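Participant:
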Amino acid sequence: MSTKLARQGGAFLQHLNVSEAFSRPARQMISQTHIRRLSMFPRGRFAGLLAARAPVLRPSLINTYATAAKTKTKTTKAKDSEPKPKAAKGAAAQGTSKIRKVKVQDKDAVKEEKKKSKPLSEEQKKKALRKEIRQTKELCLTPPPMLPQTAFGVARKVMSETVQKERRDLRGIYINLEAIQRARNLTAEEEEGFARTAEENKAKNEEAMAKWIKSYTPTQIRDANKARRRLARLTGKKGTKHTMQLEDPRLVSRPLVPFAQFVKTQMQEDLGLASLPIKDRMRRIAESWKSVTPEEKEVYQQAYNEDKERYIREFKDVYGDEPSIIGKEARE
């Protein structure tokens, strides 16, 4: 009966290769029990036939295994080609570092603002004031040294030179004190001689000063006078060598406002005002200005308008630019 079953299933088993059945995975369709039954035949009829046949696996299963292998190979290639994304990460990292650098700069700017807004101590204020005074003084233009223009000044200078020659034992301030004492005890003839010398020195100083003024442009003299006014406000000193206004006939005089035009007219018409103290003089003029009618004030306004046109014209010719009064009128 066993032989009969084998013959009936020969068409099915003709493709079975027993030698390869044990080397395949558990996915094979023929189990090992059937293989044992076939190995029980004593004759080698089936063995010879089976050895020449193809494997039992269908082509679809073979393709399945091949496809899996190819997929693994492709995955390996994909892993090998991963440096490009790393380069992108590096670029992204550089961008991030740049952003962080900008943030650091912003923090520094904030710190600077905090330092500026922090109130200065008294010592810092004094230091800043000294620095500003020094910088402003550099813009004031230092004139050449002048000769003494008074009889006492000439006498003190002459006596100082005499004391230095006669009193070798005196130094510094003691020489100056001795020279002042001698200058105060002059004879009438000596005083007259020193007065003549003072007049000569005055003429020499005016000539030297005019020559020095002309060595600068009107614009430079104007800017120097601005710096001198500022220096006077910073130091609280007026009439010093660096705060006195430089006199230059080339400078353009500012226009007189209507009230200043009225003061000018009053000083010319009422000669008695010049003998009054300046406070009393200005008080009387101010009271007179209050009593002026609008029609009369219009006359002084017209004089101011004409003077302003003159100022604008001369300012452009002398300094080469427009005065600030034009900008003020445009803003108004």
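Numbering (the numbering used here), first residue to last: 3 to 334. We put the CB at the ideal spot given by N, CA and C, even for glycine. Since the structure is predicted, the reported quantities are computational estimates derived from the model, not experimental observations.
Roughly how far, in whole angstroms, is the beta-carbon of Y302 from the beta-carbon of P260, given that I think they are within contact range, below 8 Å?
Facilitator: With 8 Å as the limit, Y302 and P260 qualify as a contact, their Cβ atoms being about 4 Å apart.
Participant: Does the beta-carbon distance from Q166 to I177 come in below 7 Å?
Facilitator: Their beta carbons are under 7 Å apart, which means Q166 touches I177 by this criterion.
Participant: May I ask you to report which of helix, strand or coil DSSP gives T144?
Facilitator: DSSP places T144 in coil when its eight states are reduced to three.
Participant: Can you give me the start and stop residues for the alpha helix (DSSP H) that M211 sits inside?
Facilitator: Counting along the chain, the alpha helix (DSSP H) containing M211 begins and ends at A190 to K216.
Participant: For the alpha helix (DSSP H) containing P220, name the first residue and the last one.
Facilitator: Element bounds for P220: P220 to T237.
Participant: Kindly examine the ligand ZN and report whether one of its heavy atoms sits closer than 6 Å to the Cβ of E316.
Facilitator: Absent from the structure shown: the ligand ZN. Ligands present: none.
Participant: Between I135 and L273, what straight-line distance do the alpha-carbon atoms span, to the nearest angstrom?
Facilitator: Each residue's alpha carbon lies about 42 Å from the other.
Participant: Do you know offhand how far Q263's Cα is from F317's?
Facilitator: Taking the straight line from one Cα to the other gives about 20 Å.
Participant: So within the segment 238-308, which uninterrupted alpha helix (DSSP H) runs reach at least 4 residues, ignoring any that extend past its ends?
Facilitator: With a minimum length of 4 residues, the continuous alpha helix (DSSP H) runs that stay inside the segment 238-308 are 260-271 and 280-292.
Participant: For S123, which three-state DSSP category applies?
Facilitator: Correct three-state label for S123: coil.
Participant: Closest by CA to L143, which one among R169, Q222 and I327?
Facilitator: For L143, the nearest C-alpha among the options comes from Q222.
Participant: Assign E134 to one of three DSSP states: helix, strand, or coil.
Facilitator: Three-state DSSP puts E134 in a helix.
Participant: So, using beta-carbon positions, are R224 and A185 closer together than 7 Å?
Facilitator: No, the pair does not count as a contact, with Cβ atoms beyond the cut-off.
Participant: Of the choices E311, K139, P146 and R285, whose alpha-carbon is the least far from that of S217?
Facilitator: Comparing Cα positions, the closest option is P146.
Participant: Thinking just about the alpha-carbon of each residue, which of M148, Q151 and E180 is nearest to the one in E163?
Facilitator: If we check each option's Cα against that of E163, E180 comes out closest.
Participant: Does L233 pass the burial test, meaning 16 or more other C-beta atoms within 10 Å, or should it be called exposed?
Facilitator: Answer is buried; the Cβ neighbour count reaches 16.
Participant: Quick check on the burial criterion: 16 or more other C-beta atoms within 10 angstroms. Buried or exposed for M269?
Facilitator: Exposed.
Participant: Flag this pair as touching only if the segment 241-258 and the segment 301-315 have three or more C-beta atom pairs under 8 Å; answer yes or no.
Facilitator: Yes, since at least three Cβ pairs between the segment 241-258 and the segment 301-315 fall closer than 8 Å, the two stretches touch.
Participant: Using C-beta distances below 6 Å, list every residue in its chain close to M161, excluding the 5 sequence neighbours before and after it, in chain order.
Facilitator: Only A181, R184 and A185 meet the Cβ criterion.
Participant: Counting Cβ pairs, one atom from each stretch, are 3 or more of them under 8 Å apart for the segment 184-201 and the segment 227-245?
Facilitator: Flag = no, the segment 184-201 and the segment 227-245 do not touch.
Participant: Identify whether A23 lies in helix, strand or coil by the three-state DSSP scheme.
Facilitator: Unreliable placement is indicated for A23, whose pLDDT of 46 sits below 50; no coordinate value is reported for it.
Participant: Quick one: Cα of M211 to Cα of L172, how far?
Facilitator: So the alpha carbons of these two residues sit roughly 35 Å apart.
Participant: Of all the options V254, M284 and R285, which has the alpha carbon lying nearest to the alpha carbon of I314?
Facilitator: Cα-wise, what sits closest to I314 is V254.
Participant: Have a look at R198 and R283 and give me their C-alpha separation to the nearest angstrom.
Facilitator: One C-alpha to the other measures close to 36 Å.
Participant: Could you tell me whether the Cβ atoms of A200 and T152 are closer together than 7 Å?
Facilitator: Going by C-beta atoms, A200 is nearer than 7 Å to T152.
Participant: Going by other Cβ atoms of all chains shown within 10 Å of its Cβ, with 16 needed for buried, is R235 buried or exposed?
Facilitator: So R235 counts as exposed.
Participant: Drop a sphere of 10 angstroms on the beta-carbon of I175, count the other beta-carbons inside from all chains shown, and report buried for 16 or more, exposed for fewer.
Facilitator: By the 10 Å Cβ count, I175 comes out exposed.
Participant: Buried or exposed: A71, going by 16 or more other Cβ atoms within 10 Å of its Cβ?
Facilitator: At A71, the pLDDT of 47 sits below 50, so the modelled position is not reliable and the matter cannot be decided from this model.
Participant: Per DSSP, what kind of secondary structure is G155 in: helix, strand or coil?
Facilitator: If DSSP states are grouped into helix, strand and coil, G155 belongs with the helices.
Participant: Using 7 Å as the threshold, is the C-beta distance between K206 and L149 below it?
Facilitator: Cβ atoms of K206 and L149: closer than 7 Å.
Participant: For E192, which residues from the same chain have a beta carbon less than 8 Å from its beta carbon, with the 5 sequence-adjacent residues on both sides left out?
Facilitator: Counting only Cβ-Cβ distances below 8 Å, and skipping sequence neighbours, we find A157.
Participant: For N178, report the span of its alpha helix (DSSP H) as first-last.
Facilitator: Taken as a continuous stretch (DSSP letters only), the alpha helix (DSSP H) holding N178 covers I175 to R186.
Participant: For a test of the three-state rule: what should DSSP assign to E311, helix, strand or coil?
Facilitator: Note: E311 maps to helix in three-state DSSP.
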